[in-house]
Amino acid sequence: MSKKNSQRTQKIAFSLLSLATLLIVIPVGLIVIIIIQKGIPAINWQFLSDVPRQGMRAGGIFPAIVGTVYLVLGAIVFALPIGLLAAIYLSEYSKDNYLTRIIKLAIVNLAGVPSVVYGLFGLALFVVFFKFGASILSGSLTLGIMILPIIITASREALESVPYSFREVSRSLGASKWQTIRHIVLPNAISGIITGTILGLGRATGETAPILFTVAAFYLPQLPASIFDQAMALPYHLYVISTQVPNVDEKVRYGTALVLLVLALFMNLVAIIIRYQFRKKKKW
Amino acid sequence: MRKIKEFIIEKLILVCGLASIFFVAMIFLFLLKEGMNVFQTVSPFKFLFGKSWYPISEPAQLGILPLILGSLLVTFGAAVISIPIGVACAIYIAEVAPQNMKEILKSGIELLAAIPSVVLGFIGMVTIVPWVKNICHLPTGLSALSGSIMLAFMAMPTIVSIAEDALYSVPKSYKEGALALGATHWQAIHRVMLPAASSGILAAVMLGIGRVIGETMAVMMITGNSAVIPHSILQPVRTLTATIAAEMGEAVVGSEHYFALFAIGIVLFIISFAINVTADLFLHKKR
Amino acid sequence: MIKFNIKNLNIWFGHIHALKDVTIDITANEILSVIGPSNSGKTSFLRMLNRLNELSENFKMGGEVKFAGRNINDMDAELVRKKIGMVFALPLPLPLSIFDNVAYGVKMYGLKNRKKQQEIVEKALKQAYLWDEVKDRLQTSAFKLSGGQQQRLCIARTLAVEPDVILFDEPCSGLDPISTAKVEEAMLKLKANYTIVLVTNNVKQAARVGGKTAFFLSGELIEVDKTDKMFTAPQDKRTDDYISGKFG
Numbered sequence: 140m141s142k143k144n145s146q147r148t149q150k151i152a153f154s155l156l157s158l159a160t161l162l163i164v165i166p167v168g169l170i171v172i173i174i175i176q177k178g179i180p181a182i183n184w185q186f187l188s189d190v191p192r193q194g195m196r197a198g199g200i201f202p203a204i205v206g207t208v209y210l211v212l213g214a215i216v217f218a219l220p221i222g223l224l225a226a227i228y229l230s231e232y233s234k235d236n237y238l239t240r241i242i243k244l245a246i247v248n249l250a251g252v253p254s255v256v257y258g259l260f261g262l263a264l265f266v267v268f269f270k271f272g273a274s275i276l277s278g279s280l281t282l283g284i285m286i287l288p289i290i291i292t293a294s295r296e297a298l299e300s301v302p303y304s305f306r307e308v309s310r311s312l313g314a315s316k317w318q319t320i321r322h323i324v325l326p327n328a329i330s331g332i333i334t335g336t337i338l339g340l341g342r343a344t345g346e347t348a349p350i351l352f353t354v355a356a357f358y359l360p361q362l363p364a365s366i367f368d369q370a371m372a373l374p375y376h377l378y379v380i381s382t383q384v385p386n387v388d389e390k391v392r393y394g395t396a397l398v399l400l401v402l403a404l405f406m407n408l409v410a411i412i413i414r415y416q417f418r419k420k421k422k423w
Numbered sequence: 002m003r004k005i006k007e008f009i010i011e012k013l014i015l016v017c018g019l020a021s022i023f024f025v026a027m028i029f030l031f032l033l034k035e036g037m038n039v040f041q042t043v044s045p046f047k048f049l050f051g052k053s054w055y056p057i058s059e060p061a062q063l064g065i066l067p068l069i070l071g072s073l074l075v076t077f078g079a080a081v082i083s084i085p086i087g088v089a090c091a092i093y094i095a096e097v098a099p100q101n102m103k104e105i106l107k108s109g110i111e112l113l114a115a116i117p118s119v120v121l122g123f124i125g126m127v128t129i130v131p132w133v134k135n136i137c138h139l140p141t142g143l144s145a146l147s148g149s150i151m152l153a154f155m156a157m158p159t160i161v162s163i164a165e166d167a168l169y170s171v172p173k174s175y176k177e178g179a180l181a182l183g184a185t186h187w188q189a190i191h192r193v194m195l196p197a198a199s200s201g202i203l204a205a206v207m208l209g210i211g212r213v214i215g216e217t218m219a220v221m222m223i224t225g226n227s228a229v230i231p232h233s234i235l236q237p238v239r240t241l242t243a244t245i246a247a248e249m250g251e252a253v254v255g256s257e258h259y260f261a262l263f264a265i266g267i268v269l270f271i272i273s274f275a276i277n278v279t280a281d282l283f284l285h286k287k288r
Numbered sequence: 002m003i004k005f006n007i008k009n010l011n012i013w014f015g016h017i018h019a020l021k022d023v024t025i026d027i028t029a030n031e032i033l034s035v036i037g038p039s040n041s042g043k044t045s046f047l048r049m050l051n052r053l054n055e056l057s058e059n060f061k062m063g064g065e066v067k068f069a070g071r072n073i074n075d076m077d078a079e080l081v082r083k084k085i086g087m088v089f090a091l092p093l094p095l096p097l098s099i100f101d102n103v104a105y106g107v108k109m110y111g112l113k114n115r116k117k118q119q120e121i122v123e124k125a126l127k128q129a130y131l132w133d134e135v136k137d138r139l140q141t142s143a144f145k146l147s148g149g150q151q152q153r154l155c156i157a158r159t160l161a162v163e164p165d166v167i168l169f170d171e172p173c174s175g176l177d178p179i180s181t182a183k184v185e186e187a188m189l190k191l192k193a194n195y196t197i198v199l200v201t202n203n204v205k206q207a208a209r210v211g212g213k214t215a216f217f218l219s220g221e222l223i224e225v226d227k228t229d230k231m232f233t234a235p236q237d238k239r240t241d242d243y244i245s246g247k248f249g
C-alpha cells in the first residue's frame with residue numbers, strides 16, 4: 140500500500156472513530172439538557188415540599204425525596220463498615236491464594252447480579268424470611284448489599300495506592316499491623332474511600348428494581364415514622380407517574396426526573412471534586 | 002489489652018472479607034429456596050421451553066421461552082449497536098483524542114453511567130419510542146427495537162471504560178515498535194494495539210452484554226411488555242427482568258406465580274454469573 | 002559484649018535462596034559495615050535482624066538469630082523492632098508533620114503525655130543534628146524538608162523509641178556528599194551508645210566509619226574482620242577484588 144493510501148485510510152478510520160464518539164456524547168448532552176430545560180419550570184418550593192395531590196397529578200414530591208434519603212442513608216450505614224473492612228482485608232491481610240481469588244470473583248459477581256434479582260433476594264430474605272415486611276429496613280439492606288462491591292473496589296484501590304514503604308517504616312518503628320493501618324494507611328486512603336462511598340450513594344439513589352418489592356410505596360402521603368414503615372422513593376415515583384398513572388402533566392414528570400438526575404449527578408460531582416482536591420494535595 | 006483488641010479487630014476484618022462470598026451464596030440460596038418450588042408443578046424443561054406465559058390463568062401456563070427470546074432479541078439488537086460504537090469510542094479516547102479532550106470525554110461517559118436507569122427509561126419513552134413509531138410506521142413505538150437502542154446506550158459506559166483500560170494497558174513499546182517500522186498510527190492501532198488488547202476488549206463486550214441482560218427499569222418502560230414469542234424486532238416484547246419487576250407486585254407470596262418469578266431469577270443469576278466469571282478470566286488472562 | 006549471635010542463618014524468598022548458612026557475631030557499641038555487590042544478600046541480612054523480612058509473603062528462614070542471648074523469633078516482633086531500629090535507603094518520612102514523625106513510635110507504644118512527647122522529640126532531633134534547623138516548624142509536613150534533612154529526620158525517628166541497635170540500609174545512597182558527611186558524623190557519635198549495623202554500597206564509606214566490616218557475595222558471608230585489617234590485608238581473593246573495585 141502506498142504511503143498516500145494508508146494516510147487516507149487513517150483519515151477515514153479516525154473520522155469514523157470520532158463519529159462513534161459523538162454518537163455517544165451528543166445524546167448524553169441532549170438528555171441532560173432536555174431534562175433540565177423541561178424540568179426547570181416544574182421546580183418550585185411547593186413541588187419540593189408538598190405531598191403529591193390529585194392522584195399524583197399535582198402537588199409535590201416531598202415524601203419521595205425523604206424516602207430516598209432514608210433509604211440511601213440506611214444503605215450506606217450498612218454497607219460502609221462492611222465494605223471498608225472487606226477492602227482492608229483484601230489490601231492488607233489477604234494472601235495470594237485460592238480464597239482471595241474466590242473473594243474477588245464473588246465481588247465481581249455481586250457487582251454483576253441484575254438489580255431486579257437483588258429485589259427478589261431482598262424480598263425473600265428480609266421481607267419474608269426475617270419478616271421485616273416491605274419497609275425502609277428491608278429496602279436499605281437490599282440496596283446496601285447491592286452497593287457493597289462499589290465500596291469495596293473503590294476503597295481497596297485507595298488503600299493499595301498508599302505506598303508500601305509507609306507500612307514498612309511504621310512496622311520498623313514497632314507499630315503493630317493494625318496500628319499501621321489505623322494511623323498511616325487509612326488516613327492516606329480516605330479520599331478514595333469517600334469517593335467510593337459517594338459513588339455508592341449515587342448508585343443507590345437511582346436504583347428502582349431492588350426497592351420495588353422491598354419498600355417502595357405507590358402512594359403514601361405521610362412520611363415514614365420508623366424503619367419498619369414503607370416509604371415512597373424518587374425513582375419508583377418517576378416510574379409510577381410515567382407509566383402507571385394516565386394524564387400526568389409532562390411538567391411533573393420532567394420535574395421529578397430532574398430532581399432525581401440532580402441528586403444522582405450531584406453525588407458524582409461531589410465525588411469527582413473530592414478526588415481532584417485530594418490529588419492536588421497529595422504529599423508523595 | 003492492646004493485643005486482645007487487635008485480635009478482635011483482625012477477626013472482624015476477616016469476617017467482612019468473606020462477606021462477599023457469603024452474600025453471593027445467600028442470594029443464590031434464597032433464589033433456589035423459593036424458585037425450586039415451581040418445579041413441583043412444572044418440569045424444568047417445560048419451564049424453560051414452554052411457549053406460553055400465562056401465569057394467572059387457570060391452570061397457570063409457566064413457559065418462559067417468550068421471555069427468554071424477548072431478552073435475547075433486545076440484547077442482540079443492543080449488542081449490534083453498542084459493540085462497534087463502544088469499541089470505536091474507546092479507541093478514539095485511548096489513542097486519537099488530545100489529552101484535554103480525553104478527560105472531557107471520559108467525564109461524559111461517566112455522566113452517562115451515573116444517570117439512573119428509570120430516568121433513561123423515561124427519556125426513551127418520550128424520544129425513542131415516538132421516533133421508532135413514526136419512522137417505522139408502527140401502531141406503537143414500544144418495541145424490541147426501542148429497547149435495543151436504549152440498552153445499547155446504557156451498555157456504552159461499561160464497554161467504553163473497560164475497553165479503554167485494555168487499550169491503555171498495552172505496553173507503549175508495542176505501538177512505538179510499529180511506528181518505528183513506518184506504520185501509520187491507524188495501522189499501529191488495528192494491527193498491533195487491537196490484537197494485543199483483544200482479551201480485555203472481549204471482556205468489555207461481555208460485561209456490556211451482561212449489563213444489558215440485567216437491565217430492568219428502562220426495558221420495562223419501553224419494550225411494550227407483551228409476553229409472546231417475537232417474530233420481528235419491531236414487535237413489543239417482554240424480557241426476563243421486566244417480567245419479574247412487573248409481576249412480582251401482584252403475585253401472592255407462596256403462590257405458583259411467585260415461585261415462577263423466583264425461578265426466572267435463578268435463570269438470570271446463572272446467566273450473569275457465567276458472563277462475569279468468563280469476563281473475569283479474560284480480564285486476568287496474562288499474555 | 003556480643004549483641005547478636007547468628008548461627009547458620011538461611012533465608013529464602015520463594016525459590017530464591019537469599020542467604021546461605023551465615024554465621025556471625027555482632028559486637029555491642031561498634032559499627033559493623035556490611036558490604037557487597039547488589040543482590041549479595043546484605044539487605045536481607047539486615048532486615049533479618051529486626052524481623053522485617055517476615056512482612057514478605059513468601060519468606061522462609063532456617064538457623065537462628067539471638068539478640069542479647071534470646072532467639073528473636075521467641076520475642077514479640079513489635080518489641081524486637083522497637084529495640085532494633087532501622088533507617089532505610091531512601092529518606093522515607095511518613096506523611097505526617099515533623100513532630101509526629103519523630104513521636105510516631107512512642108505514641109504507638111502508648112505514650113500520651115504531650116510534654117513527655119515534646120521532650121523525646123527534642124532530644125532525638127538534637128541527637129540527629131536536626132533540631133536547630135527544624136525547631137521553629139515542627140508542625141509542618143516532613144515532606145517540606147530537603148533530602149538530607151529528611152534522612153536525619155528518619156534517624157531521629159528511629160532514636161526516639163530508644164533502641165539498642167540501629168540498622169542503616171544504605172542510608173546515604175540518595176544523598177549528596179555534604180548531606181552524606183552529616184549523616185556519617187551522626188553515625189560516629191551514635192556509636193558510643195548504640196550498636197550500629199551499616200549496609201553500604203560504598204566501600205569508602207565502610208572504610209571511613211571504621212569498626213568491623215563483613216563482605217557478602219551471592220548470599221554467602223565471605224569474610225568478616227576489623228575494617229583496617231580487611232582493607233589492608235584481606236584474607237580472601239574475592240574480598241580483595243571487590244574492595245579494589247575489580248567488580249561490584
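Residue numbers (the working numbering), protein chains in the order written: chain A, 140 to 423; chain B, 2 to 288; chain C, 2 to 249.
Don't be surprised by glycine CBs; every beta carbon is placed ideally from N, CA and C.
Quantities reported herein were computed from a predicted structural model and do not represent experimental measurements.
query                                                                                                                           : result
Stretch pair the stretch 326-333 of chain A + the stretch 293-301 of chain A: three plus CB contacts closer than 8 Å            : yes
Beta-carbon contacts of Thr-281/A that lie in its chain and below 6 Å, excluding the five residues immediately before and after : Tyr-257, Gly-261, Pro-349 and Thr-353
Entirely enclosed beta strand (DSSP E) segments - the stretch 46-120 of chain C, minimum 3 residues                             : 60-68 and 85-88
Helix, strand or coil at Pro-349/A [DSSP, three-state]                                                                          : helix
Run of the alpha helix (DSSP H) containing Ser-174/B, from where it starts to where it stops                                    : 173-181
Same chain only: Cβ atoms within 6 Å of Arg-288/B, ignoring 5 sequence neighbours per side                                      : Residue placement at Arg-288/B is flagged as unreliable, the pLDDT there being 44, under the threshold of 50; a coordinate-derived value is accordingly withheld.
Inter-stretch contact at 8 Å, needing at least 3 Cβ pairs: the stretch 29-38 of chain C / the stretch 200-220 of chain C        : yes
Residues of its chain near Ile-136/B, where Cβ-Cβ distance is below 6 Å and the 5 sequence neighbours each way are ignored      : none
Local Cβ density within 10 Å of Leu-30/B, reported as buried at 16 or more and exposed below that                               : exposed
Chain C contacts from the stretch 306-317 of chain A (Cβ-Cβ distance under 8 Å)                                                 : Arg-306, Glu-307, Val-308, Ser-309, Arg-310, Ser-311, Leu-312, Gly-313, Ala-314 and Ser-315
Alpha-carbon spacing of Met-1/B relative to Leu-287/A, whole angstroms                                                          : Absent from the model: residue 1/B. The displayed extent of chain B is 2 to 288, so no value can be given.
Supposed close pair Asp-226/C, Lys-213/C - CB separation, criterion 8 Å                                                         : 7 Å
Interface partners of Tyr-110/C on chain A, CB under 7 Å                                                                        : Gly-313
For Leu-154/C and Leu-139/C, the rounded distance between their alpha carbons                                                   : 11 Å
Chain A within 8 Å of Phe-270/B, Cβ atoms only                                                                                  : yes
Proximity of Asn-9/C and Gly-70/C at Cβ, strictly below 8 Å                                                                     : no
Min CB distance Ile-333/A to chain B below 8 Å                                                                                  : no
C-alpha gap between Glu-346/A and Thr-217/B, whole angstroms                                                                    : 10 Å
Paired residues, beta bridge with His-18/C - DSSP                                                                               : Trp-13/C
Cβ neighbours of Gln-188/B in the same chain (closer than 6 Å, five flanking residues each side left out)                       : none
Within chain A, the residues that Phe-89/C reaches when beta carbons sit closer than 8 Å                                        : Ser-304, Glu-307, Val-308 and Ser-311
Distance CB(Leu-203/B)-CB(Phe-283/B) smaller than 8 Å                                                                           : yes
Sufficient close CB pairs (3 or more, under 8 Å) joining the stretch 254-266 of chain B to the stretch 158-170 of chain B       : no
One or two residues paired with Gly-198/A in a DSSP bridge                                                                      : Pro-191/A
Cβ-based contacts, 8 Å cut-off: residues of the stretch 180-202 of chain C near chain D                                         : Among the protein chains of the structure shown, namely A, B and C, there is no chain D.
Leu-402/A versus His-16/C - alpha carbon distance                                                                               : 54 Å
Alpha-carbon to alpha-carbon, Gly-178/B and Ser-1/B                                                                             : Shown here, chain B extends from 2 to 288; a query on residue 1/B therefore has no answer.
Chain A contact residues for Phe-48/B, given Cβ-Cβ distances below 9 Å                                                          : Within chain A, no residue comes near Phe-48/B; the closest Cβ sits about 16 Å away, beyond 9 Å.
Rounded C-alpha distance that separates Asn-159/C from His-322/A                                                                : Per the sequence shown, the amino acid found at residue 159/C is Thr instead of Asn. About 17 Å.
Near the ligand GDP: Leu-154/C beta-carbon under 7 Å from a heavy atom                                                          : As for the ligand GDP, it is missing from this structure, which has no ligand bound.
Members of the stretch 207-231 of chain A near chain B, C-beta cut-off 7 Å                                                      : Ile-221, Leu-224, Ala-225, Ile-227, Tyr-228 and Leu-229
Range of the contiguous beta strand (DSSP E) that encloses Lys-213/C                                                            : 213-218
Within-8 Å CB hit, Glu-79/C to chain A                                                                                          : yes
Beta-carbon separation (whole angstroms), Phe-263/B vs Leu-32/B, contact threshold 8 Å                                          : 6 Å
Rounded C-alpha distance that separates Ala-181/A from Val-308/A                                                                : 58 Å
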